[in-house]
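Numbering (UniProt numbering), first residue to last: 1 to 428.
We put the beta carbon where it would ideally sit given N, CA and C, even for glycine.
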Amino acid sequence: MDDDESRVGATSDGAAGRREYGGDDPYRAAGGESSDAHDGIGLRILDDGRDTDDGDGFADGDPDGQDGQEGQDGDSGDEGAPPPGHRKKRRRRRVRTVLITTVVMMLSLVLLAAVGVWWFIDHYAGKVDRIENAFPNIPAAEQPPRGKGLNFLLVGLDSRNDMPTTGRNAKGPLWQEGMQRSDATMLLHLSADRRSAYIVSVPRDTWVAIPGRGEAKVNAAFSWGGPPLLIDTVQRLTDIRVDHFAAIDWEGFKRLTDALGGVDVEVSEDVPAGEDNRAWTAGRHHMDGAEALSYVRERKGLPRGDLDRVERQQNFMRAVFEELLSGGKLSDPLGLPGLLDAITDAISVDDRMSNSDLRDLVWGMRKLRGDDVRFMTAPISELKTINGQDAAVLAPEKSKFMWDNMRADTMDIYLRRYPHEETPDYVR
Numbered sequence: 001m002d003d004d005e006s007r008v009g010a011t012s013d014g015a016a017g018r019r020e021y022g023g024d025d026p027y028r029a030a031g032g033e034s035s036d037a038h039d040g041i042g043l044r045i046l047d048d049g050r051d052t053d054d055g056d057g058f059a060d061g062d063p064d065g066q067d068g069q070e071g072q073d074g075d076s077g078d079e080g081a082p083p084p085g086h087r088k089k090r091r092r093r094r095v096r097t098v099l100i101t102t103v104v105m106m107l108s109l110v111l112l113a114a115v116g117v118w119w120f121i122d123h124y125a126g127k128v129d130r131i132e133n134a135f136p137n138i139p140a141a142e143q144p145p146r147g148k149g150l151n152f153l154l155v156g157l158d159s160r161n162d163m164p165t166t167g168r169n170a171k172g173p174l175w176q177e178g179m180q181r182s183d184a185t186m187l188l189h190l191s192a193d194r195r196s197a198y199i200v201s202v203p204r205d206t207w208v209a210i211p212g213r214g215e216a217k218v219n220a221a222f223s224w225g226g227p228p229l230l231i232d233t234v235q236r237l238t239d240i241r242v243d244h245f246a247a248i249d250w251e252g253f254k255r256l257t258d259a260l261g262g263v264d265v266e267v268s269e270d271v272p273a274g275e276d277n278r279a280w281t282a283g284r285h286h287m288d289g290a291e292a293l294s295y296v297r298e299r300k301g302l303p304r305g306d307l308d309r310v311e312r313q314q315n316f317m318r319a320v321f322e323e324l325l326s327g328g329k330l331s332d333p334l335g336l337p338g339l340l341d342a343i344t345d346a347i348s349v350d351d352r353m354s355n356s357d358l359r360d361l362v363w364g365m366r367k368l369r370g371d372d373v374r375f376m377t378a379p380i381s382e383l384k385t386i387n388g389q390d391a392a393v394l395a396p397e398k399s400k401f402m403w404d405n406m407r408a409d410t411m412d413i414y415l416r417r418y419p420h421e422e423t424p425d426y427v428r
């Protein structure tokens, strides 16, 4: 017999279904169960199946309370009432029961909400257009090693026809040789803890070695070989394993901007009209889809040409992230379905990204805010003409230092050494 059992005694009147004991736990019932076990279900059950308290202030079968009747002398005084300590214990037990019931109800509501959110994400993840065979058919041993964090290759496509080529509503193929170019190429690095993101633009005029084609501008890789050749080119250039690929064409870009209700973009200085005859004054501009497209595509009217255009693209993306992550768009229950429809209509991703991958990605980024996303451009050493073409040449040592830190998930080290490489808050 253990210590708890040795402390249990018979009831004073021998009544069945209840035993009192004088041990440390005043709530232990017959059979050796502690009060915690009974509190876990919100009730204290007698051996004969009756509730311990019928609402009259006494426990059923309580010898001290005489089943709630008056004392033998006919008085209704304290002699027939339970001791004060017993009343306090029952009061504490009722409080615990209410608290436990409340906690269980709250946890149930949280669980139902989580299941609903999970279903919601999964529903829209299933709508995202998938790009078949996006990755090059290269043995794993010949590809860069997997680093820490997650790396996306993002491209904005300039199609030579007016049909949408990306997203769920695509009417034409994502790629046909010579028909599309990658007008914007970016590497998105998500840290392993999903608390920070770094977006590095590779200017379209960057002079690179394209496998099987020789040297050319990086945007030629997509034109010649679609996603597989562009991924292979970028991996060889950076020695970084691309985990996923995502593409949006300019028609999708406009629709997505309009679905956001437009985006507020800061312009640092007056800029004269360019190719589309649209001038910009310094200050904040609320841009719809058409205005935003004009803003991010202009380059001939800018002093540094494509390098200034790259910063405009980053500036616009920064405003989008700020709107999505910090502006409440993702927490608006009325507007969110329409926004997610616009995203799935506009964007295509590689077919290696499963619904569960997308769920994990969205859930992992739930604490990311606009300020946690930082932008920069692959470091350029010089602009020159090569084979009659304007070309941007990467700075070998600095760019290697950038790629090494991206692979190691230590991009903050790169920015501490080269703080001026981060895109400023205000661009032309």
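Whether or not the region 408 to 418 and the region 185 to 199 are in contact is what I'm after, with contact meaning three or more pairs of Cβ atoms, one per stretch, closer than 8 Å; do they touch?
They touch, by the three-pair rule.
What did DSSP end up calling Thr-166 once you bin it into helix, strand or coil?
coil
Assuming Asp-183 and Asn-219 make a contact with CB atoms under 8 Å, what is their CB distance in whole Å?
7 Å
Which listed residue (Arg-168, Phe-135, Arg-130, Pro-139) has its alpha carbon closest to that of Ile-343:
Arg-168
DSSP state of Leu-368 mapped onto helix, strand, coil:
coil
Those residues which DSSP pairs with Lys-217 across a bridge:
Trp-207
Using 10 angstroms around the beta-carbon of Tyr-124, count the other beta-carbons present and answer buried if the total reaches 16, otherwise exposed.
Tyr-124 comes out buried.
For Gly-40, collect the residues of the same chain with a Cβ closer than 8 Å to its Cβ; drop the 5 residues on either side in sequence, then sort them by chain order.
Caution is warranted here: a pLDDT of 41 is assigned to Gly-40, below 50, making its placement in the model unreliable, and the coordinate value is therefore given only provisionally. Counting only residues of its own chain and dropping the five nearest sequence neighbours on each side, Gly-40 has a CB closer than 8 Å to the CB of Ile-100.
Ala-392 burial status per 10 Å Cβ neighbour count (16 or more: buried):
buried
Are the beta-carbon atoms belonging to Ile-240 and Leu-190 less than 8 Å from one another?
When the beta-carbon positions are compared, Ile-240 and Leu-190 stay at least 8 Å from each other.
Going by DSSP, what residues sit across from Thr-385 in a beta bridge?
Beta-bridge pairing links Thr-385 to Asp-390.
Within the continuous beta strand (DSSP E) that includes Arg-130, where are the two ends?
129 to 131
What does DSSP give as the partner residues of residue 433 in its beta bridges?
Nothing about residue 433 can be reported from this structure: the residues present for the chain run from 1 to 428 only.
Would you say the region 254 to 268 touches the region 381 to 388, given that touching needs at least three Cβ pairs under 8 Å?
Look at the beta carbons and you see the region 254 to 268 not touching the region 381 to 388: under three pairs across the two are nearer than 8 Å.
First and last residue of the uninterrupted alpha helix (DSSP H) at Ile-413
Element bounds for Ile-413: 411 to 417.
At the level of alpha carbons, what is the spacing between Asn-133 and Arg-428?
38 Å
Close Cβ partners of Glu-422 (< 8 Å) along its chain, the five nearest in sequence each way excluded:
Arg-374, Phe-375, Met-376, Leu-415
Assigned secondary structure, Ser-182 (DSSP; H/G/I helix, E/B strand, else coil)
strand
Considering only residues of the region 287 to 333, which uninterrupted beta strand (DSSP E) runs meet the minimum length of 3 residues and lie entirely inside it, listed in chain order?
none
Quick one: what does DSSP say Gly-226 is sitting in, helix, strand or coil?
helix
In this structure, what does DSSP give as the bridge partners for Gly-156?
Ala-184, Ile-248
Should Ser-348 be labelled buried (16 or more other beta-carbon atoms within 10 Å of its own) or exposed?
So Ser-348 ends up on the buried side.
Quick check: what's the CA-CA separation for Tyr-418 versus Arg-96?
58 Å
For Leu-334, count the other beta carbons within 10 Å of its own beta carbon; 16 or more makes it buried, fewer makes it exposed. Which is it?
exposed
Can you tell me which residues form a DSSP beta bridge with Asp-350?
Ile-131
Below 8 Å between beta carbons: does that hold for Leu-154 and Gln-180?
no
Can you find the residues in the same chain that come closer than 6 Å, C-beta to C-beta, to Leu-256, ignoring five residues on each side of it along the sequence?
Ala-342, Ala-346
What does Asp-264 pair with, by DSSP beta-bridge criteria?
His-286
Let's test the definition: count the other Cβ atoms within 10 Å of the Cβ of Glu-323 and tell me whether it reaches 16, buried, or not, exposed.
buried
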